[in-house]
Amino acid sequence: MGKTLGRPVSSLLLNGLQGLLGIGAVFGGGVLILDPSGSLLGMPTELMQISLFPDYLIPGVILLLAFGMLPIMVTTALVWKWNWGLGEKLNLFKDRHWSWAFSLYIGFGLIVWLSVQIYILGSSSVVHLVYTAWGLAIQALTVFPSVAGYYRKSSGDNA
Numbered sequence: 001m002g003k004t005l006g007r008p009v010s011s012l013l014l015n016g017l018q019g020l021l022g023i024g025a026v027f028g029g030g031v032l033i034l035d036p037s038g039s040l041l042g043m044p045t046e047l048m049q050i051s052l053f054p055d056y057l058i059p060g061v062i063l064l065l066a067f068g069m070l071p072i073m074v075t076t077a078l079v080w081k082w083n084w085g086l087g088e089k090l091n092l093f094k095d096r097h098w099s100w101a102f103s104l105y106i107g108f109g110l111i112v113w114l115s116v117q118i119y120i121l122g123s124s125s126v127v128h129l130v131y132t133a134w135g136l137a138i139q140a141l142t143v144f145p146s147v148a149g150y151y152r153k154s155s156g157d158n159a
């Protein structure tokens, strides 16, 4: 893929996927926290009978934080490459900026989150398939050579 102002186009697509995931999850998680019954989002209450939780509050908090706030934070870090000490400590890929590693973590987390939902429910829906594909797309774009190269640290970088 080409470049836009020195940034690979694939990086811009990754930023878009992370940002849209975050915005959607902040909305969805926020609504589930405000209304743990799930009725505002049209969530069936019978799903909670086979779930680990009595209502949608805990899933809403997880959604808001892990797939809402974190992807928004990572999106800003992918754009501006700002430093974050804790991010660096949790970065398993020391030769890359921490936001690149966290992009992988979010993609894996989204796939695991959906796999657990499918397992608990014993079935899947179109929404599960769409968001699983979204997680796979995040993974693919993150490891795309131009993206991985763009987030590689120079020899003088320590953060």
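Counting along the sequence shown from 1, when you hit position 115 you're at 115 in full-length UniProt numbering, and nothing is skipped either side. For each residue, glycine too, the CB sits at the ideal point set by N, CA and C.
Where the alpha helix (DSSP H) through residue i begins and ends
| i | result |
| --- | --- |
| residue 100 | 98 to 121 |
| residue 49 | Segment: none, residue 49 is in no alpha helix (DSSP H) and carries neither H nor E. |
| residue 146 | 145 to 150 |
| residue 38 | That residue, residue 38, is in no alpha helix (DSSP H); it is neither H nor E in DSSP. |
| residue 64 | 57 to 64 |
According to DSSP, residues forming a beta bridge with residue i
| i | result |
| --- | --- |
| residue 71 | According to DSSP, which records beta bridges pairwise, residue 71 is partnered with nothing at all. |
Reference residue i, options the options, closest by Cα
| i | options | result |
| --- | --- | --- |
| residue 58 | 15, 34, 140, 42 | 34 |
| residue 82 | 98, 43, 23 | 98 |
| residue 161 | 37, 95, 90 | Only positions 1 to 159 of the chain appear in the structure, and residue 161 is not among them; the question remains open. |
| residue 24 | 71, 149, 144 | 71 |
| residue 55 | 42, 38, 62 | 38 |
| residue 74 | 46, 9, 139, 22 | 22 |
| residue 88 | 8, 10, 153 | 153 |
| residue 125 | 85, 109, 43 | 43 |
| residue 32 | 13, 63, 6 | 63 |
| residue 108 | 7, 85, 143 | 143 |
| residue 93 | 45, 148, 41 | 148 |
| residue 127 | 90, 110, 141, 140 | 110 |
Helix, strand or coil at residue i [DSSP, three-state]
| i | result |
| --- | --- |
| residue 8 | strand |
| residue 93 | coil |
| residue 84 | coil |
| residue 159 | In this prediction, residue 159 scores a pLDDT of 48, lower than 50, which makes its location untrustworthy; the coordinate-derived value is nonetheless stated afterwards. Here residue 159 sits in coil by DSSP. |
Minimum Cβ-Cβ distance from residue i to chain B less than 7 Å
| i | result |
| --- | --- |
| residue 70 | Protein chains in the displayed structure number just one, and chain B is not present. |
Any chance the stretch 131 to 143 sits against the stretch 97 to 116, with 3 or more Cβ pairs inside 8 Å? Result yes; three or more Cβ-Cβ pairs closer than 8 Å.
When you compare the stretch 23 to 43 with the stretch 65 to 77, are there three or more beta-carbon pairs, one atom per stretch, that lie closer than 8 Å? Yes, they touch.
Okay, do the stretch 133 to 144 and the stretch 17 to 24 touch, 3+ Cβ pairs below 8 Å being the bar? These segments touch.
Are the stretch 70 to 81 and the stretch 101 to 111 touching, with three or more C-beta to C-beta distances below 8 Å? Yes: the two stretches touch, three or more of their Cβ pairs being nearer than 8 Å.
Would you call the stretch 38 to 52 in contact with the stretch 118 to 126, where contact means no fewer than 3 C-beta pairs closer than 8 Å? Yes: the two stretches touch, three or more of their Cβ pairs being nearer than 8 Å.
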